[in-house]
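Under the numbering used here, the first residue of the sequence shown carries the number 15, and numbering increases by one thereafter. Backbone N, C-alpha and C define an ideal beta-carbon position, used for all residues, glycine too. Contents: one structure, followed by commentary.
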Amino acid sequence: MLESALYIVPTPIGNLDDITLRAIEVLKNATLIAAEDTRHSKILLDKLGISGTRMISCHDHNEEQRADVIIEEVKKGGIVALISDAGSPLINDPGYRVVTICSKADVKVIPLPGPCALITALEASALPTDKFMFCGFFPVKEKELTETVQALENVDYTAVFYETPRRIIDTMEIVGKVLPEHDVTLCREMTKTFESFYRLKAKDAVEFLKADADRTKGEFVVAIGALKVETSSIPANVEKALKELIKTSPVKQVAAVLADLTGIKKNDLYNLALKLKEE
Ligand code: SAM
């Protein structure tokens, strides 16, 4: 018997078989299903043999009102399932405000693990997964996009973004210019027939995508790797100097001065300095 609560239920991101047994159980027993787009979700519910359940739409423009309906349903003992068009609700999808309002109203929120494009992409990216940042969709405006990408120049984590087929070339143009030597993985149409993972240097991405129109079709997750620090190429005496200097001066300044003096790449010195600081 399921307890009365608001359940956050992930649904497939392409392949309709990607749904957990628990998600099916919740959807089958729900007294109310709140869906981003009720018509879209009916395709999945039909496949699961679920019909006749009361449904309401819950999207960016009506979350507050829908939260009231959900609270009322749970408080009278109902089971509410919140679903989005694909993947995990709340992850670049509606639901955040519903969860916030419901929690404040002491409604129990039970999240189910399940499909999520960013995690699926990261797992196949062949980029480090020990530390990563999910950044949502790339900004659309060029200035903001450039600044966002520039901020990744010296980070030590993999950055993961969502992108649409319409914008992928323009976006990768900027990524390639700003971070030419970074490894990127373009994850396209995951779990679907034309699932592809393109692992390349950022500077080569646009040429690669333009070479075949099929390569820009479908949905994308873009993972950007951190620039690897070739610490072994930095002599021990330079490392020692770096270690001493960062005790009293800003990392950026120390890296710049030592780069001038030694001819070693400023980025490599900067990244090593950050690592030494952490240690
Ligand atoms: N809530 C979803 C999740 O859990 O991943 C994300 C919803 S967001 C509105 C949609 C974006 O997710 C797409 O534009 C694309 O960037 C990414 N995405 C979703 N499904 C995908 C798939 N099968 N392959 C690649 N990217 C996908």
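I'd like the list of long-range same chain contacts for residue i, defined as Cβ closer than 8 Å, with 5 residues on each side in sequence excluded.
{"i": "residue 231", "result": "179, 202, 203 and 208"}
{"i": "residue 111", "result": "77, 78 and 81"}
{"i": "residue 13", "result": "With the chain represented from 15 up to 293, any question about residue 13 goes unanswered, as that position is not in the structure."}
{"i": "residue 46", "result": "67, 68, 69, 70, 83, 84, 87, 92, 93, 94 and 95"}
{"i": "residue 205", "result": "26, 27, 28, 29, 32, 129 and 134"}
{"i": "residue 103", "result": "22, 23, 24, 50, 96, 97 and 109"}
By the 10 Å Cβ neighbour count, where 16 or more other Cβ atoms means buried, how is residue i classified, buried or exposed?
{"i": "residue 134", "result": "buried"}
{"i": "residue 346", "result": "Residue 346 lies beyond the range of the chain shown here (15 to 293); nothing can be said about it."}
{"i": "residue 249", "result": "exposed"}
{"i": "residue 186", "result": "buried"}
{"i": "residue 197", "result": "buried"}
{"i": "residue 98", "result": "buried"}
{"i": "residue 57", "result": "exposed"}
{"i": "residue 29", "result": "exposed"}
{"i": "residue 101", "result": "buried"}
{"i": "residue 154", "result": "exposed"}
{"i": "residue 177", "result": "buried"}
Go through its chain and collect everything with a Cβ distance to residue i's Cβ below 6 Å, but skip five positions before and after it.
{"i": "residue 217", "result": "190 and 194"}
{"i": "residue 113", "result": "123"}
{"i": "residue 229", "result": "223"}
Going by beta carbon distance, what residues of the same chain come within less than 7 Å of residue i, once the five residues before and after it are set aside?
{"i": "residue 163", "result": "188, 189, 192 and 193"}
{"i": "residue 270", "result": "280"}
{"i": "residue 116", "result": "20, 81, 84, 85 and 123"}
{"i": "residue 160", "result": "188 and 192"}
{"i": "residue 255", "result": "272"}
Could you check what DSSP says for residue i in three-state terms: helix, strand or coil?
{"i": "residue 263", "result": "coil"}
{"i": "residue 174", "result": "strand"}
{"i": "residue 294", "result": "Only positions 15 to 293 of the chain appear in the structure, and residue 294 is not among them; the question remains open."}
{"i": "residue 278", "result": "coil"}
{"i": "residue 166", "result": "coil"}
{"i": "residue 52", "result": "helix"}
{"i": "residue 19", "result": "strand"}
{"i": "residue 25", "result": "strand"}
Am I right that residue i and residue j are in contact with their C-beta atoms under 8 Å? What's the rounded C-beta distance?
{"i": "residue 281", "j": "residue 168", "result": "7 Å"}
{"i": "residue 136", "j": "residue 143", "result": "5 Å"}
{"i": "residue 93", "j": "residue 49", "result": "Actually they do not touch by this definition, with Cβ atoms about 15 Å apart."}
{"i": "residue 129", "j": "residue 32", "result": "5 Å"}
{"i": "residue 253", "j": "residue 286", "result": "7 Å"}
Fully enclosed by the segment 177-248, which alpha helix (DSSP H) runs are 4 residues long or longer? DSSP runs (the alpha helix (DSSP H)) wholly in the segment 177-248: 182-192 and 219-224.
To test your reading of the DSSP string, which unbroken alpha helix (DSSP H) runs of 4 or more residues are found completely within the segment 62-131? 77-89 and 110-118
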